[in-house]
Structures are given as structure tokens and as C-alpha cells.
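The structure appears right after this line, and notes come after that.
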Amino acid sequence: MRDGGGTTKGIAVRGVSKVFDAAAAAVRALDDVSVTIHENEFFTLLGPSGCGKTTLLRLIAGFESPSAGEILLDGAPLAHLPPFRRPVNTVFQNYALFPHMSVMENVAFGLEMLGKPKREIEKTVNDMLRLVRMEELRDRATNKISGGQQQRVALARALAPRPKVLLLDEPLSALDLKLRKEMQIELKRLQKDTGITFVFVTHDQEEALTMSDRVAVMSQGKILQVGSPREIYEHPAKRFVADFIGETNYLEAEIVASGHGQAQIRLSSGAQIAASLPEGGRLTGKVTVVVRPEHASLTLDAAKATFSGRLENIVYFGTDTHYHVRLADGSLFTVRMQNARGHEETDRINAEVGVILAENAAQVLRD
Amino acid sequence: MARGARLRRPFSIKRQPGFTAIALFCFFALYAPIIVLVVYSFNSGNSIAVWEGFSWRWYRSAWENDLVIEAATRSLIIALCASLAATTLATMAALGTTRTRPYRGLTVVYALINQPLMVPEIVTGVALLIFFALIKVATGYTGLLYLITAHTAFCIPFAYLPIRARLEGMDLALETAAADLYATPWRAFRRVTLPLLWPGIMAGGVLAFVISLDDVVITELVKSAGQETLPTYMLGQLRRVITPEINAISSVLLAISVLIVSVFFAFSRKGD
Ligand SMILES: Nc1ncnc2c1ncn2[C@@H]1O[C@H](COP(=O)(O)OP(=O)(O)OP(=O)(O)O)[C@@H](O)[C@H]1O
Ligand SMILES: [Mg+2]
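So the protein lines, in turn, are chains Z and W.
Under the numbering used here, the letters of the first sequence match residues 1 to 367, in that order.
Under the numbering used here, the letters of the second sequence match residues 1001 to 1272, in that order.
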């Protein structure tokens, strides 16, 4: 972790809060948020509607100013810079293309405002339009192109001035699934090619996991966890994070021994297994442990099982099958297993089955 | 089947008894007098009621009448100055009332701006008459500025309303986007807000121009001696001999108004 350093390249958000004074009550849209976004990183803010993602972007872009805390870019505070002086561009959720200008004029706008020479503008605009594959439609009015095309124009317009940071506010949410997948790949390619820091907002967990270098999971104005997609998925630190991303099983457990980020825990079935501890602070006593459904498997051999239960339901998904097992304490545990050829359906509903946890499958939560 | 279909038909004003008759009467009351007026402007005789044959005589007569030309020129000058000033002020007022957070007293501000729509014109006229009289005595100035000022004042709400409507329909995110792309507030206004606002400003300007061109009551009260505008000149003529020259002048005024408004509509259609 390179957090906190004033000289690091990239964006440092330090203890930022944002309170909106609405007529009746004050809304705390961001609550003491600190995070560092590295240079050239594809960084994603992931969280449910209203958690403060857009607010954080608007603070970085300078459309709002923080109620407390500060934001640094490459070590320098941004507070005194108005939006038009910040080397930060935005792809807006609704694109906000200028309706009275053509595709080309939209892309050229930022460069013109920067006072670049005509020839350079022309060249950059051409490059950008080629990059987003919009050369043919350069003279079209922006309200006479499709949603996906508008999105690409918005992208080209924001990239053309070569900002240090590109902010993208749910840019793909208006697109249909196929176009969305294409654009995900294209965005990732653009980020690699340009080396610009991307701060990407989404509430789609799959999108966040597939595209990002690192993900910050947000809830109610706070950042709950920051990490690589794998860390976030396999080692969620909090119940909300585990819940928000993918399917999860929760098990009640007690810590028997701990050290070096690992712990021995005793499950309510009595079995003792190893589990990973979340970062920061000691944990003792009763805890909740999460296990992803694909990190468990079923067995009929009671000796191999970590714990057992009654097979209640089988749901076939094509590539894999979900098995719902009712445990002794009444909770439901889901096991996901890949379907393989020749692997006959031998499991029977209501049979007593054993559950095996893969090595390192259990993750202790902070809450 | 047919009955069921009729029962299910939604209410329509068009099918109420007497609808056609009332509609026809309204159109008749609106347009018949104007048609008669225009027709008699081409009368070759001296009467505005007895048709004696077609001629351009009264148009020529009006064109050669120095008083008419002078009044028309004055009208155009006043309308041009007043509509320009009113539109500029209205644009600023509209920006000031929509580009802020709603605050208490905003409705009062709306009311203040739109005052001329609510206060009877004759009251405003009398007030201006007295007020300007004081200034005339104090300064000795008796020029056209009084009329231009008065016209500007009562034209503001007519220019303000279409501009504000346009502004309210405008996406604020566009100005944010301009700022994001390195446009200073002034350049964002010049390059984004103003072009998008333009149809509203044109509408407001045209409306103000036509309203000013057409004003009688306030002009009559505010004007100094010899400052006839076309409408007050016509009013004065009506008190004396009535010849089809009045019809001819009226027809020209009508033609100008219709022309301006049509040009504006064609323009605003293209803008969207
Ligand atoms: N200008 C404002 N005035 C008052 N409250 C605001 C304002 N902008 C945002 N909020 C509030 O702040 C909170 C966070 O809003 P924000 O737009 O950042 O959410 P978000 O995470 O972007 O949500 P979404 O996914 O729906 O876009 C919300 O409760 C919202 O109602
Ligand atoms: Mg948002």
C-alpha cells in the first residue's frame, strides 16, 4: 500500500466528507472517505444507488467542493482549482454532448478551449475518432446517432485533451448487453493504450470485476474495502462487500487461534478449519465466516466432509449446478459444482450429504 | 358493435352540439373585419365603405405622406431599440432567475419582472407621464429616450417568458461539461449556453418588437409634442377625416407583423 504519501503520483482523497444542505435535512453523501488512486490505474467505484459514487467524481472534477478533507493530484491540492483548470475530464452518465455541434466539433471542443493550434486540433480529433471508430459519422449531429455511438463520442471528447485522469460515471449503463460487452473490452483497451488513469463508476459487480485493476466498494457514503477484484471477491472484509459481490454462504464460527492473517476457527458443527483474517485490528471470539459456493463441493463419504446436511434442492444452470443443503442449525448452504460430461446425476433430494470446503475457502468478516 | 364503439369513445369537444357554429363565429369575428380592412385599402374611391374599384392609390398616398413616413420611422427606431434592450435585460433576468438555487422570494422576483403583465397599461402610462414630466422639467431633455425607456420596460416580460422557458428546458449538465472541457465561465456561456438559448432569445426579441411597434396607450401618454409613432398617428387621423389611407397603413403594419412572426416561426422550427 502506498496510501497517504503526499508525493505519490495519482489522486489522493484524504478524509473527504460532503454534506448537502437540502431544504429539510442535511444529506451526508460522503463520510470521511480516504483512498489513493494510482497513476495509470483502472480504478472502479462500485456500490448501490445513492452511495455517493457520483458525488466523489464531482468532487474530483471540481463541480462540488468537499465539506471537509482534501483531494490531491500528483501531490498538489486541487481545492483552489476550478473545474476548467483541472487536468481531469469526465464521461457523463447521460453523455451531455453539445446538441448544437457535430460529432467532430464536440470532440474538438476541449482542445479549442485549451487554445491548441488548428492543425494539432485537426490531427488529434482525427486520431480520437479513429480510436473510437466514429470517423464515418464525424459530421453528424449528435442527436442523430445511436446511444452506443453517443457514448463513444463522449469518450473521444473527454480523451482528446489527454487529461491526467478520466472520470467515467456509469458510461455503459444505457447500452444493451452486447454493445456493453464490446464497450467494456474497448474501454479496457483504451485505458491500456493511453495510459490515462481511469476512475470508473458502476453498480454492476461483474463489470467492476472484469475491467478493474482495483475496486473500491462503497456503501452509504463510505468506502468499505479497496482491493484487486480477486481480493474483493475472495477475501471480502465486510458482510456488505461479500453480499454485494457474487453469491455467498455465511457460517457462524469462533476463533480458536490466530496469527499472520490466518486463524483456526471452530464451526458450529464442531469442525475446526483454517480461515483468512481481514486486514487490520485483532478479532477474537464469535465471528462470521463467508464461503463462496464454488469453493465447496459435495461428498457422500461422511469421513471426508467438513460438515453435513440434508440436500434440499438442486438447480441446474447449464455450465454448473447449485445444490442447496440445509445444515443442522437450520441455515441454508449453497454449493456450486461444474457440470462435466459423464458425471452422472447421482445426488438425490433429501439425502444426507457431506460438504467439503476447499483449502483457504473460508474468510472471516470484520462485522 | 357500433354502439359499443361509440360508448367507448373518449370525450371530444369537437362532438359537442354547436361546436362548429361557435368555431365558425369566432373565426368570422376574428378575420372578417381584417379582410374588409385590407380589401378597402385597395378602394379607388374616398370611402371606406363604398367600393368603387381597385387601385393602389392609397398606398401611394401614404408613401408620399411625410407624416406617415416620419411616424413609421420613429416607430421602427423605438421598436428596434426597445426590443434590443428588453431582450438583453430579459436574458440576464432569465439567467439570474434560473441559474440559481431556488430561494425564498423567487416568486416575488418573478412577479416584479412580470409587473407590466399585471398592472393595467393605463396606470403604467399615467405613472410614466407624471414621472417623466418631473424629469423633463428637471433636465429639459425631451428626446426619444423616454419612449424607448418606457417601451423597454413593458417589453421585458414578453421577452423574458420565452427565454426562461428555453433555459428551463436546457440541460445544466451541458454547462458542466463545457467547464469540464476547460471552458471558462464566459466561454461556456458564449459557446454553449448562448447558442442553445438563441431560439428563445429570438422569440423574445420578435415578440418584444411586435408589442412595441403596436403600442398606443403608453406611447400616447409618454410622447412629447410631435413624437408621433405610427399607431398614435393613425389614432389622430381617425379623429379627423377617414380615408382608405388608414386602411393602407394598417394593411402594411399587418403585413410587417405577419412577416416577422412567420420568419421567426420558420427560424425556430429549424433550430430544434
Ligand atoms: N445536489 C444534491 N443535493 C442534495 N443531495 C444530493 C445532491 N447530490 C447528491 N445528493 C445525495 O447524496 C447521496 C449520494 O448521491 P450520488 O449521486 O453520489 O449517488 P450515486 O452513488 O452516484 O448513485 P447512483 O448510482 O444512483 O448514480 C444521495 O443520497 C443523494 O440523494
Ligand atoms: Mg450516480
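Glycine is no exception: its CB is placed at the ideal position from the N, C-alpha and C atoms.
Q) Between the region 60-90 of chain Z and chain W, which residues of the former have a C-beta closer than 7 Å to a C-beta of the latter? A) A61, F63, P83, F84, N89, T90
Q) Buried or exposed: Q272 (chain Z), going by 16 or more other Cβ atoms within 10 Å of its Cβ? A) exposed
Q.
Could you check whether the Cβ of T90 (chain Z) sits closer than 6 Å to any heavy atom belonging to ligand 2?
A. no
Q. Between L1181 (chain W) and H322 (chain Z), what straight-line distance do the alpha-carbon atoms span, to the nearest angstrom?
A. 50 Å
Q.
With a threshold of 6 Å (Cβ to nearest heavy atom), would T1091 (chain W) be considered close to ligand 2?
A. no
Q) Using a C-beta to C-beta distance shorter than 7 Å, which residues of chain W count as neighbours of M113 (chain Z)? A) L1181, Y1182, A1183, R1187
(Q) ligand 1 and A29 (chain Z): does any heavy atom of the ligand fall closer than 6 Å to the residue's C-beta? (A) yes
Q. Relative to ligand 4, is the shortest distance from any of its heavy atoms to the C-beta of T54 (chain Z) smaller than 6 Å?
A. Looking at this structure, you won't find ligand 4 anywhere; what it does contain is ligand 1 and ligand 2.
**Q.** Contact set for T202 (chain Z): own chain, Cβ-Cβ below 7 Å, skip 5 residues either direction
**A.** Correct list, in chain order: T44, L46, E170, A208.
Q) Given 8 Å as the limit, is there contact between the region 264-280 of chain Z and the region 242-255 of chain Z, that is, 3 or more CB pairs closer than that? A) yes
Q) Per the contact definition of three or more C-beta pairs closer than 8 Å, is the region 1049-1059 of chain W in contact with the region 1115-1123 of chain W? A) no
(Q) For P1033 (chain W), count the other beta carbons within 10 Å of its own beta carbon; 16 or more makes it buried, fewer makes it exposed. Which is it? (A) exposed
Q: Could you tell me whether any Cβ in chain W is nearer than 7 Å to the Cβ of G147 (chain Z)?
A: By this cut-off, G147 (chain Z) is not an interface position.
Q. According to a CB-to-CB cut-off of less than 7 Å, which residues of the region 1146-1176 of chain W neighbour chain Z?
A. Within the region 1146-1176 of chain W, contact with chain Z at the beta-carbon level (separation under 7 Å) is assigned to D1171, A1173, L1174, T1176.
**Q.** chain W residues whose Cβ lies nearer than 7 Å to that of D100 (chain Z)
**A.** According to the sequence as given, residue 100 (chain Z) is His; it is not Asp. For H100 (chain Z), the chain W residues whose C-beta falls within less than 7 Å of its own C-beta are P1195, L1196, listed in chain order.
Q) Which same chain residues, not among the five before or five after W1058 (chain W), have their C-beta less than 8 Å away from its C-beta? A) S1041, F1042, N1043, T1243, P1244, E1245, N1247, A1248
Q. Quick check: the region 1135-1155 of chain W against the region 1068-1087 of chain W, are there 3 or more CB pairs under 8 Å?
A. yes
**Q.** Counterpart residues of E252 (chain Z) in DSSP-defined beta bridges
**A.** Z:T288
Q: Please name the residue or residues paired with N89 (chain Z) in a DSSP beta bridge.
A: Z:L166
Q. Residues in its own chain within less than 7 Å of R413 (chain Z) by CB, not counting five upstream and five downstream?
A. Look at the range of chain Z in this structure, 1 to 367, and you will see that residue 413 (chain Z) is not part of it.
Q. Counting only beta-carbon atoms, is F109 (chain Z) nearer than 7 Å to chain W?
A. yes
(Q) Looking at ligand 1, does it come within less than 6 Å of F200 (chain Z), judged from the CB to the closest heavy atom? (A) no
(Q) Between W:A1203, W:L1167, W:S1075, W:S1212, which has its C-alpha nearest A1093 (chain W)'s C-alpha? (A) W:L1167
Q: Under 8 Å between beta-carbons, which chain Z residues line up against V957 (chain W)? List them in chain order, please.
A: Chain W is shown from 1001 up to 1272; residue 957 (chain W) falls before or after that span and cannot be answered.
Q) Do A1173 (chain W) and A174 (chain Z) have their C-beta atoms closer together than 7 Å? A) no
Q. Cβ of G69 (chain Z) versus every heavy atom of ligand 1: is any distance shorter than 6 Å?
A. no
Q | Chain-ordered chain W contacts of P161 (chain Z) [CB-CB under 9 Å] | A | L1181, Y1182
Q. Can you find a C-beta in chain W that's less than 7 Å from the C-beta of F200 (chain Z)?
A. Chain W, which has no Cβ nearer than 7 Å to the Cβ of F200 (chain Z), makes this no.
Q: Please say whether R336 (chain Z) and D320 (chain Z) have beta carbons closer to each other than 7 Å?
A: yes
Q.
Run through chain W and tell me which residues come within less than 7 Å of A156 (chain Z), C-beta to C-beta.
A. Near A156 (chain Z) there are no residues of chain W at all, since even the closest Cβ is about 12 Å away, more than 7 Å.
**Q.** Element boundaries [beta strand (DSSP E), containing V27 (chain Z)]
**A.** 26-37
Q) Going along chain W, which residues have a C-beta under 9 Å from F92 (chain Z)? A) Those within 9 Å of F92 (chain Z) in chain W are A1173, T1176, A1177, D1180.
Q. Helix, strand or coil: how does DSSP classify A141 (chain Z) here?
A. Three-state result, A141 (chain Z): strand.
**Q.** Residues of its chain near S315 (chain Z), where Cβ-Cβ distance is below 6 Å and the 5 sequence neighbours each way are ignored
**A.** The sequence shown places Val at residue 315 (chain Z), rather than the Ser named in the question. Around V315 (chain Z): H322.
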